Every structure is written in C-alpha cells, then in structure tokens.
Amino acid sequence: MIATIPWYVKPVYGLISDFVPLFGRRRKSYLVLTSGLAALSGSMLAFVADHNLLGARLFVTLMGLGLAFTDVRSTP
Numbered sequence: 000m001i002a003t004i005p006w007y008v009k010p011v012y013g014l015i016s017d018f019v020p021l022f023g024r025r026r027k028s029y030l031v032l033t034s035g036l037a038a039l040s041g042s043m044l045a046f047v048a049d050h051n052l053l054g055a056r057l058f059v060t061l062m063g064l065g066l067a068f069t070d071v072r073s074t075p
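Residues in the sequence shown are numbered consecutively from 0, following numbering that gives the first Met the number 0.
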C-alpha cells in the first residue's frame, strides 16, 4: 500500500512541473531527475543482496515515485 502512494498524488507532480522550473526547464529536468531516481532505486533492489523489509519498501516506493512522476502528461 505504501508503494502506491506516489501514484495517488500524481496531479501534484503535474502542478510542480508546471509551476516550478528546475535548472531552467519545466518538464525535461524533472523527467531526467525522476527517471534517474527510478533507475537507481531499481538497481539498488536488483544488485544489493542484503535488504531488510524497510529498505525494500523504501526502494520500491522511490521507484514508484520516479515512475509516477515521469508518467505525468504534458499539455501542448
């Protein structure tokens, strides 16, 4: 249930990316940053052998956050 929270607040991500530019860009910088976060979290889950339950939940939630943020559609 914790890992699905980033998907429920997805409209907030759209507002953040629309109104708060990051590194001079509105959406591209967020796309690169959150894609990297999802990739790093997935890599940590895949390649680090010693996980406790809290660590696995954290990485799955961060990966969900990155994926949900990149799924926000832009309006032309």
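Backbone N, C-alpha and C fix where the C-beta goes; we use that ideal spot for every residue, glycine too. Small disclaimer: the values here were computed from a predicted structure and weren't measured.
For residue j and residue i, the rounded distance between their alpha carbons
i   : j   : result
L36 : Y7  : 18 Å
R26 : A45 : 28 Å
K9  : V47 : 29 Å
G41 : A55 : 10 Å
H50 : L32 : 24 Å
F58 : M43 : 7 Å
9 Å Cβ cutoff, residue i in contact with chain B
i   : result
V71 : In the displayed structure, chain B is absent; only one protein chain is listed.
Limits of the alpha helix (DSSP H) - the one that residue i falls within
i   : result
V47 : Unbroken run through V47: none, as it is neither H nor E.
I4  : 4–7
Cut-off 7 Å between Cβ atoms - residues of its own chain near residue i, not counting five sequence neighbours on either side
i   : result
S34 : G65, T69
Y29 : S16, L21, F68
Cut-off 6 Å between Cβ atoms - residues of its own chain near residue i, not counting five sequence neighbours on either side
i   : result
A67 : P5, W6, K9
G63 : A2, P5
L14 : none
Close Cβ partners of residue i (< 8 Å) along its chain, the five nearest in sequence each way excluded
i   : result
A38 : G65
Within the segment 9–34, ranges of the alpha helix (DSSP H) (whole runs, at least 4 residues): Runs of the alpha helix (DSSP H) lying entirely within the segment 9–34 and spanning at least 4 residues, in chain order: 9–18.
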